[in-house]
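First comes the structure, then the notes that go with it.
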Amino acid sequence: MNTATSPKVLVDPVTLEIIRNLFIAILDEGEINLSRTAFSPIIYEVKDYAIGLLDREGRTIAQSRGGVPTFMADLGEPVRDGLEIYGPDGFQPGDVLLINYSAVCGQHLNNMILYVPIHWEGKLIGFAATRAHWTDIGGRVSGSFSTDTTEIFQEGLQIRSVKVYKAGQADEEILRIIRHNIRFPELSLGDMAAQVAACQLTARRFTEMVAKHGWATIEACIHRIWDQSEALALSKIAAMPKGRFVAESFLDDDGINPDNTLPIKVAVTISDDSIEIDFTGTAPQTKGPMNSGRSGGLAAAKVAFKSAIVPNLPPNEGAFRPLKVVLPEGTMISAVDNAAMAHWNLALKTVIDTIYWALSQALPDQIPAAHHAAQGLYTFFGKDKHTGIRYSTLDTTLGGWGARPDGDGFSPLKTVTHGDTRNIPVEVEETFYPLHVESYSWRSDTGGAGHYRGGLGLKKVYKVLQDCQFVSAFERTKCPPWGLFGGAPGKTADAKVRQPHSDEVKSYRKVTGLQLQEGAVLELLSAGGGGRGNPFDRPIDRVLDDVRLGYVSIVGAGTDYGVAIDPKTMAVNTDQTLALRNAMRKKVAS
């Protein structure tokens, strides 16, 4: 445990638990405040944000339980950037700082971080910080989500730890620069105001807690919580099998070179007092915008570590002390030199799945098969012909999760990096944008076959009501979500477009600025999760239930599970099923 700098103040267990839960309650309130005051659906509907409390060195005290997992415990780097620029004495009460600088944040520029210093009795004691997705930050296309950019400068406005408020007063010159470099200033500056309010509320609640309990007690509780979190993680690691476990997977492409798959290599080493995740051999940073900075690789490692080791522990600095990460500079998850990052999060889902794959060798009764892992990000943008108002949508697909050690995969859900985020309701889409959602349904036979079946992918069909443009960034279109222990992979994803007055259907898995004519129809297809275990060991009645529910077709029941079902009576032909399964087992064995 890191006790060298821990304050020598004794805290009774009751007070410690009160303080521990107050941190969470403060952030819950800040999260609600941000969600209720934001202007953009991506924040108030989808919940694409995080809010955290940090100490005066930028270490994570606590973080909100909702929002995006890959924002976990990484608000410290932007805060430390501000400390490097201004120094601890360079902050005043009422200051508000803004940063999305890629060399520090390592994410797409839409993810804007806003943080405020917290003072007590004239001393800096910490920071309140939020990260939220702005609808647009400039760049080549509306929404700033091009799939073919080759450097960060093509993707929008970069801001590095500037004070947009100084001692409580807004800097109108900085705000004017922002306002005239983004496409939806009313939305984004409204969202910024919501971030300011959330941070200020969080800071105020924190100082109220300090006033009640005393700073010495609060500081001692922070260090005690860190130490306890570390001890819990170490106790879990001590009970795990020791050794080195490796896995390798692939991404489809980088958006520029569609024929080049990108390897992800992971080696997980479990020792008595640590877990090391080594990404050596992962693809070099790409020409296209599928990169993240070092913070991306670290975030993937933290998400996998926390979910596998201490899933119910609120994220804080101490929880990650036993985690070691080997991440060579210049990979697609540790990119440098102004690499394009518009789709920074796209690779991380498969990176996390690959870490799980390695861990499944040590924890076979705990780790699920691969999930749909497709960002499935898509945007419609244009100018409404009736109002003349510019619009830009943004959403991601839901799909199937991998089969669990003790059950079928869940569906439909967002990806592991989306966490508690949600999709935008159809009613909101059709109210605000010239779009019509014709259907939203399961994709039968997309869950990987197994003793436990993978979750299902979805099909969402749009009809475009006005001419507009389209951006899509789909993964797992060539490299399907894998199964475990004999389970089959899930079916792949796709994005299909049929223009009006044409029968031709084309796939546009990664595309920027595709011109859609009024009446065009789009099918967005998400992947299913991988299966687990031998499909021919799945109970026959479970297969029949899946057919009746529409999860598996009659044909799929026969070809994937060896179960013969009469399409007229919907009854299982037992003799044919036994013969079919025996033949399939022999074929697999040979």
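Take the sequence shown: its letter number 104 is residue 125 in the numbering used here, and every next letter is one higher.
Glycine included, C-beta positions come from ideal geometry on N, C-alpha and C.
Between threonine 228 and glycine 51 the beta-carbon gap is near 14 Å, outside 8 Å, which marks them as no contact. In the structure shown, asparagine 337 falls within a coil segment according to DSSP collapsed to helix, strand and coil. Alanine 153 places its beta carbon less than 7 Å from that of aspartate 212. Exclusion of the five residues before and after tyrosine 399 leaves Ser493 as the residues of its chain whose Cβ lies within less than 6 Å of its Cβ. Beta-bridge pairing by DSSP links lysine 286 to Glu269. DSSP places lysine 233 within a helical segment (H, G or I) once states are collapsed to three. In terms of Cα proximity to phenylalanine 495, the closest of Gly551, Leu43, Asn337, Asp274 is Asp274. Boundaries cannot be given for arginine 161, as no beta strand (DSSP E) includes it and DSSP labels it neither H nor E.
In terms of CA proximity to leucine 545, Arg530 leads the group Val89, Arg530, Asn202. Listed as beta-bridge partners of glutamate 297 by DSSP are Thr290, Lys345. Approximately 6 Å separates the beta-carbon atoms of asparagine 337 and isoleucine 82; this is inside 8 Å, confirming the contact. The shortest C-alpha to C-alpha distance from alanine 424 to any of Val458, Gly309, Tyr70, Asp386 is the one to Asp386. Annotated three-state conformation of aspartate 466 is coil, per DSSP. The straight-line gap separating the alpha-carbon atoms of leucine 367 and methionine 353 is approximately 11 Å. When the Cα atoms are used, threonine 170 and threonine 418 turn out to be separated by approximately 22 Å. Using a 10 angstroms sphere on the CB of aspartate 299, the tally of other CB atoms reaches 16 or more, which defines it as buried. Classified as buried, asparagine 555 has 16 or more neighbouring CB atoms from the shown chains inside 10 Å of its CB.
In this structure, Gly549 is the residue among Val449, Pro446, Ile410, Gly549 with its C-alpha nearest to the C-alpha of glycine 475. Between glutamine 179 and arginine 161, the gap from beta carbon to beta carbon reaches 7 Å or more. The beta carbon of threonine 436 sits closer than 6 Å to those of Lys370, Ala394, all from its chain and outside the five residues before and after it, given in chain order.
Listed in chain order, the non-local C-beta contacts of leucine 537 below 8 Å within the same chain comprise Phe401, Val485, Asp488, Cys489, Gln490, Phe491, Val518, Gln520, Leu543, local neighbours out to five positions each way being set aside. Here the C-alpha atom of proline 284 lies approximately 16 Å from the C-alpha atom of alanine 391. In the same chain as glycine 351, and ignoring 5 residues on each side of it, the C-beta atoms closer than 7 Å to its own belong to Pro305, Gln306, Val357, in chain order. In this structure glutamate 172 does not touch alanine 363 by the C-beta definition: roughly 11 Å separates them, more than the 8 Å allowed. The continuous beta strand (DSSP E) containing methionine 133 extends over residues 132-141. For leucine 479 and glutamate 142, the gap between their C-alpha atoms comes out near 55 Å. Put simply, the stretch 90-100 touches the stretch 119-138. At least three CB pairs are less than 8 Å apart. For aspartate 515, the enclosing beta strand (DSSP E) begins and ends at 515-519.
Assignment of beta-bridge partners to isoleucine 120 by DSSP yields Ile134. For secondary structure counted as the beta strand (DSSP E) over 3 or more consecutive residues, the stretch 395-454 holds these complete runs in sequence order: 398-404, 411-413. Here serine 355 has Arg315, Gly318, Leu348 as same chain residues with Cβ atoms under 6 Å from its own Cβ, once five neighbours each way along the sequence are excluded. Bridge pairing for leucine 75: Thr81, Phe148 [DSSP]. The alpha carbon of asparagine 312 has as its nearest neighbour, out of Trp365, Val324, Met261, the alpha carbon of Trp365. Straight across, the Cα-Cα distance linking threonine 595 with arginine 563 is about 14 Å. The three-state reading of DSSP puts serine 209 in helix, counting H, G and I together. Between the C-alpha atoms of glutamine 221 and alanine 149 there is a straight-line separation of about 8 Å.
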